[in-house]
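Enquirer: Dropping the structure in here first, questions after.
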Amino acid sequence: MILKIIILFFAATLSAREPAVFTQIKNSAVKKAISLIPYKNSFIPALDKKFNYDCSGLVLAAYYSAGYDLLAISGKKKLSPDMAKNIYMLFPEAKNTNRTLKPSAGDLIFFNNTYDKNRNGKWDDFLTHVAIIVKTDPDGTISFIHVTGKGIVKEYINLSFPQQMTRQGKIINSYLRVRPTSDPVRIKYLAANFFYCFLVLSP
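Numbering-wise (the numbering used here), the sequence shown opens with residue 1 and increments by one.
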């Protein structure tokens, strides 16, 4: 089993530079993420590893199952305990803040302020959440899979209509944060209001 996994990752490393092969890897990562809905546990299994049950753990597990270790690019570089930030920092050339972009399956989406990470009561929390994109619809609604307190779920974001939860009977923006009683009523909790950037992964 271990030898098989080593061969798998060696082959993926050699061939992932080919666009068609990398697209297959991304699609496989999405299939793994979909297969985990509505999984909830203390860890996320992927081949011979177990990843933390959190947003970055899901992304890492999905790609690891597809034969691609997202953290391998770090080499011997010391990583931060914040895995979402690590993923973001390791692929600076992939960052895209264009709100009209139509990302592909397997690309990543990052959010700010989904919770009070530094516990200072302010909306100043950077890179608090990451999710893996499933698809982009013609109307710009993006489906993504992520970890929540209720389990691994598929939800939605539409950056063209940031204040709308539904449009023409379709959910286009999911809620990403529970409103504490201390928050002003004017604050919007729909996904589009937390968007920071996409990570458009390529060979």
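The C-beta atom is built at its ideal place from N, Cα and C for all residues, glycine as well.
Going by C-alpha to C-alpha distance, which of E155, V153, S174, D137 sits closest to Q163?
Expert: S174
Enquirer: Only counting runs of 3 or more residues, tell me where the beta strand (DSSP E) segments fall wholly within the stretch 57–130, in order along the chain.
Expert: Segments of the beta strand (DSSP E) lying fully in the stretch 57–130: 108–111.
Enquirer: Tell me, which residues are paired with A192 by DSSP?
Expert: According to DSSP, residue pairing for A192 in a beta bridge does not occur.
Enquirer: Drop a sphere of 10 angstroms on the beta-carbon of Y115, count the other beta-carbons inside from all chains shown, and report buried for 16 or more, exposed for fewer.
Expert: Exposed is the call here.
Enquirer: Identify whether I34 lies in helix, strand or coil by the three-state DSSP scheme.
Expert: helix
Enquirer: Could you check the C-alpha separation between V147 and D137 for me, to the nearest Å?
Expert: 22 Å
Enquirer: What did DSSP end up calling P19 once you bin it into helix, strand or coil?
Expert: helix
Enquirer: List the whole-angstrom C-beta distance separating T181 from I172, where the pair is believed to meet the contact cut-off of C-beta under 8 Å.
Expert: Incorrect: roughly 27 Å between the Cβ atoms, too far for contact.
Enquirer: Given a cut-off of 9 Å, decide if A105 and V59 are closer than it, judged by their beta-carbon atoms.
Expert: no
Enquirer: Here's the rule: buried if 16 or more other CB atoms are within 10 angstroms of the residue's CB, otherwise exposed. What is A62?
Expert: With 16 or more other Cβ atoms within 10 Å, it is buried.
Enquirer: Decide yes or no for the touch test of the stretch 92–105 against the stretch 119–127: beta carbon pairs closer than 8 Å, at least 3 of them.
Expert: no
Enquirer: Using CA coordinates, which residue listed in I73, I44, R99, K102 is at the minimum distance from Y88?
Expert: I73
Enquirer: Taking only three categories from DSSP, how would you classify I172?
Expert: coil
Enquirer: Looking only at its chain, what residues have a beta carbon closer than 8 Å to the beta carbon of N41, apart from the 5 residues adjacent to it on each side?
Expert: Y53
Enquirer: Rounded to whole angstroms, how far is the Cβ of C220 from the Cβ of A84, which I believe are closer than 8 Å?
Expert: Since the first residue shown for the chain is 1 and the last is 203, residue 220 is missing from the structure and cannot be characterised.
Enquirer: Which same chain residues end up closer than 8 Å to P38 when comparing Cβ atoms and leaving out the 5 residues on each side of it in sequence?
Expert: K150, G151, I152, V153
Enquirer: Kindly list the residues whose CB is nearer than 8 Å to the CB of K49, restricted to its own chain and excluding five residues on each side of it in sequence; keep chain order.
Expert: A61, Y64
Enquirer: Thinking I142 and P103 are a contact (beta carbons under 8 Å), I'd like their distance in whole angstroms, please.
Expert: The pair is a contact, with the Cβ atoms about 7 Å apart (cut-off 8 Å).
Enquirer: Give the secondary structure of K26 by DSSP, where H, G and I count as helix, E and B as strand, and everything else as coil.
Expert: helix
Enquirer: Terminal residues of the continuous beta strand (DSSP E) containing S143?
Expert: 142–148
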